[in-house]
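Colleague:
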Amino acid sequence: MIHARSHDELKALAADVIRLSRLLTRERESLPAAYLKDRGLREAYEAYYLPPNLVKIQALLRELAAHPGKLLDKDTLRVLDLGCGPGTAMLGVLEFFSAGKKRPRIEFTAVDHIAENLKMAGELVTKFKSTSDLDASLKTIRSTIEQAPHLPETAFDLIIFSNVLNEIFIHDEARIAKRTALVADLLNRFLADDGSCIIIEPALRETARDLLAVRNGLVDAGFPIYAPCLCHAACPALANPKDWCHEDIPWDPPELIQELDKLTKLRKDSLKFSYLIVRKDAKTLRDVHGEHVFRVVSEPLVSKGKIEFYICGEAGRKLITRQDKDETPGNDVFGRLRRGDVVGFENLIDEGRRYKISKETQVNRRTRT
Ligand SMILES: C[S@@+](CC[C@H](N)C(=O)[O-])C[C@H]1O[C@@H](n2cnc3c(N)ncnc32)[C@H](O)[C@@H]1O
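In our numbering, the protein residues as written are 2 to 370.
1) Verify the contact flag: D113, CB atom, against every heavy atom of ligand 1, threshold strictly below 7 Å.
2) Tell me the DSSP secondary structure of F191 in three-state form.
3) What are the complete alpha helix (DSSP H) segments, minimum 4 residues, inside the region 197–285?
4) Decide if the region 82–91 is in contact with the region 117–130; the criterion is three or more beta carbon pairs, one per stretch, under 8 Å apart.
5) Can G345 and G291 be called in contact, C-beta distance under 8 Å?
6) For ligand 1, I want to know if A34 counts as a neighbour, meaning its beta carbon is within less than 7 Å of at least one of the ligand's heavy atoms.
7) Between the alpha carbons of G196 and F157, how many angstroms are there, rounded?
8) Would you mind giving the Cβ-Cβ distance between A90 and S163, rounded to the nearest angstrom? I have them listed as a contact below 8 Å.
9) Return the bridge partner residues of D113 from the DSSP annotation.
10) Should G218 and I177 be called a contact, given that it needs their Cβ atoms to be closer than 8 Å?
11) Three-state secondary structure (DSSP) at N365?
12) In the DSSP assignment, what residue or residues form a beta bridge with R296?
13) Going by the beta-carbon positions, is the gap between I161 and I146 smaller than 8 Å?
14) Among the residues of its own chain, which have a CB less than 7 Å from the CB of R323, if the five just before and after it don't count?
15) Give every residue of the same chain whose Cβ lies closer than 6 Å to the Cβ of D249, excluding the five residues on either side of it in the sequence, and list them in chain order.
16) Hey, would you say the C-beta of E44 is under 7 Å away from at least one heavy atom of ligand 1?
17) Would you check if the region 250–261 and the region 42–51 touch, i.e. whether three or more CB-CB distances between them fall below 8 Å?
18) Specify, as a first and last residue, the run of the alpha helix (DSSP H) that T329 falls within.
19) From what residue to what residue does the beta strand (DSSP E) around D158 run?
20) With R287 as the anchor, note down where its alpha helix (DSSP H) starts and where it stops.
21) What's the C-alpha gap between G11 and A5?
22) Is D134 helix, strand or coil when you go by DSSP?
23) On the CB-based measure, 16 or more other CB atoms within 10 Å of its CB, does N189 come out buried or exposed?
24) Looking at the structure shown, is R1 part of a helix, part of a strand, or coil, going by DSSP?
25) Which one of Y356, I312 and Q363 has the shortest CA to CA distance from E328?
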């Protein structure tokens with residue numbers, strides 16, 4: 002549990018955060034399956050990774066809630082959290098609904114292969130419930146996700162894999178095919194016909210590219226992608242081994258994380274992650290934003306006399322350029338676009354390999370969901 006810490010306790014926590022951060026990034030190759038059995042790493046996870054991760058899931062719930070079909074509008078919401086860790090995603094779901102007008106009863110089922118994680122998840126969910134008037138229940142199941150197909154069959158409205166897919170079959174060369182088959186099997190068995198599956202992964206190049214490959218496999222297996230993709234063909238970012246696709250949302254970290262960042266020289270000042278929202282029906286973000294929209298998939302590329310981005314839409318991923326001399330009130334928002342924005346255009350010039358904004362182009366940034 003988080004409590005006021007002495008300077009020595011904070012330094013010890015910072016050392017564990019560094020140890021955990023290394024394991025989750027450059028030492029991933031040697032990540033032990035049960036690393037969260039280590040108490041120090043577990044505390045580091047709760048202090049440093051849980052707070053940003055529970056905000057990430059809420060951004061994705063907002064993308065679902067924006068759909069005109071009221072996709073989350075249920076009296077009872079059944080949620081399956083696979084690889085729940087300390088309960089991060091469930092806390093995110095609880096925060097999301099407790100801040101909203103529509104408050105379903107939430108029935109959580111949480112799966113993790115480490116008993117200590119399930120215990121911590123149970124404690125944190127109970128603590129949250131005691132401070133809110135949400136009606137929620139939690140059933141914990143100690144199991145690997147690979148064994149989850151043996152769970153009793155229930156139709157879940159939400160299935161969540163938050164930062165766990167990359168840890169399954171991690172050292173296996175056939176990991177993409179195995180992860181795809183596992184996710185497809187779990188969705189076939191456990192996702193309600195009108196349910197949604199949220200997959201969140203770290204924004205590292207390797208894990209994000211692996212997720213894009215799983216995405217292609219799921220599309221081939223007949224699962225439409227709700228978000229983030231506005232391109233329904235094979236993911237264009239996989240064509241170049243240097244490319245990957247990820248989100249980056251501004252975030253004001255809590256004080257403890259700011260202190261840990263100072264001590265560790267790490268940086269958690271924005272929410273970086275890659276994700277997929279998958280459904281069985283054909284509902285997509287296009288139903289929210291219209292057909293001719295694009296996702297901004299890069300930082301602004303600013304050079305002398307122009308500003309450019311990569312955007313991704315039905316025709317794939319292309320560079321879009323606006324020369325400074327062509328800036329007008331109708332397109333000035335272009336210079337303020339950010340990675341992850343959904344954007345539409347009128348009078349856009351398609352030059353084949355890239356798009357060009359002229360003085361006549363109107364740029365419409367959609368509300369960021
Ligand atoms: C990085 S943590 C993510 C925790 C939480 N979902 C979050 O987003 O903060 C990965 C979690 O998945 C669990 N895990 C990893 N591989 C698993 C497997 N094969 N079966 C079940 N749980 C697994 C770990 O024990 C750990 O709790």
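Note that CB positions come from ideal geometry on N, CA and C, so glycine has one too.
Since we're looking at a predicted model, the values are computed, not measured.
Modeller: Reading off the structure:
1) Indexing the sequence shown from 1 puts residue 113 at position 112. Yes.
2) Position 190 of the sequence shown holds residue 191. Helix.
3) Counting only runs of 4 or more, we get 206–221 and 256–265.
4) A contact is defined here as three or more CB-CB pairs under 8 Å, and the region 82–91 meets this definition with respect to the region 117–130.
5) Here residue 345 refers to the residue found at position 344 of the sequence shown. Here residue 291 refers to the residue found at position 290 of the sequence shown. Less than 8 Å separates the beta-carbon of G345 from that of G291.
6) In the sequence shown, the residue the question calls residue 34 occupies position 33. The answer is yes for A34.
7) Here residue 196 is taken as the residue at index 195 of the sequence shown, counted from 1. Here residue 157 is taken as the residue at index 156 of the sequence shown, counted from 1. Approximately 7 Å, taken between the alpha carbons.
8) Translated into positions along the sequence shown, residue 90 becomes position 89. Translated into positions along the sequence shown, residue 163 becomes position 162. Right, their Cβ atoms sit about 4 Å apart.
9) Sequence index remark: in the sequence shown, residue 113 carries index 112 (1-based). D113 is bridged to R143.
10) Here the question's residue 218 lines up with position 217 in the sequence shown. Here the question's residue 177 lines up with position 176 in the sequence shown. Yes; because the gap between Cβ atoms is below 8 Å, this pair is in contact.
11) One-based indexing of the sequence shown puts residue 365 at position 364. Strand at N365.
12) Residue 296 sits at position 295 when you count from the first residue of the sequence shown. R296 pairs with C313 and V343.
13) Position 160 of the sequence shown, counted from the first residue, corresponds to residue 161. Position 145 of the sequence shown, counted from the first residue, corresponds to residue 146. No, the pair does not count as a contact, with Cβ atoms beyond the cut-off.
14) Locating residue 323 in the sequence shown gives position 322, counting from the first residue. Within its own chain, the residues whose Cβ lies closer than 7 Å to the Cβ of R323, once the five positions on either side in sequence are excluded, are K307, I308, N332, F335 and I358, listed in chain order.
15) Mapped onto the sequence shown, residue 249 falls at position 248. Scanning its chain for C-beta atoms nearer than 6 Å, with the 5 sequence neighbours on each side dropped, one finds around D249 the residues S271, K273 and R340, in chain order.
16) To locate residue 44, count along the sequence shown from 1; it is residue 43. No, the beta carbon of E44 sits no closer than 7 Å to any heavy atom of ligand 1.
17) Judged by Cβ distances under 8 Å, the region 42–51 makes contact with the region 250–261, as three or more pairs qualify.
18) In the sequence shown, the residue the question calls residue 329 occupies position 328. Boundaries cannot be given for T329, as no alpha helix (DSSP H) includes it and DSSP labels it neither H nor E.
19) Numbered from 1 along the sequence shown, position 157 holds the residue referred to as residue 158. DSSP places D158 inside the beta strand (DSSP E), whose first and last residues are F157 to S163.
20) Residue numbering aside, residue 287 sits at position 286 when the sequence shown is read from its first letter. Going by DSSP, R287 is part of the alpha helix (DSSP H) stretching over R287 to H290.
21) Here residue 11 refers to the residue found at position 10 when the sequence shown is read from its first residue. Here residue 5 refers to the residue found at position 4 when the sequence shown is read from its first residue. Reading the sequence as shown, one finds Leu at residue 11 and not Gly. About 9 Å.
22) In the sequence shown, residue 134 corresponds to position 133, counting from 1. D134 falls in the coil class under three-state DSSP.
23) Position 188 of the sequence shown, counted from the first residue, corresponds to residue 189. Here N189 is exposed, its C-beta having fewer than 16 other C-beta atoms within 10 Å.
24) With the chain running from 2 to 370 in the structure shown, residue 1 is simply not present.
25) If you number the sequence shown from 1, residue 328 lands on position 327. Nearest in C-alpha terms to E328, of all of Y356, I312 and Q363, is Q363.
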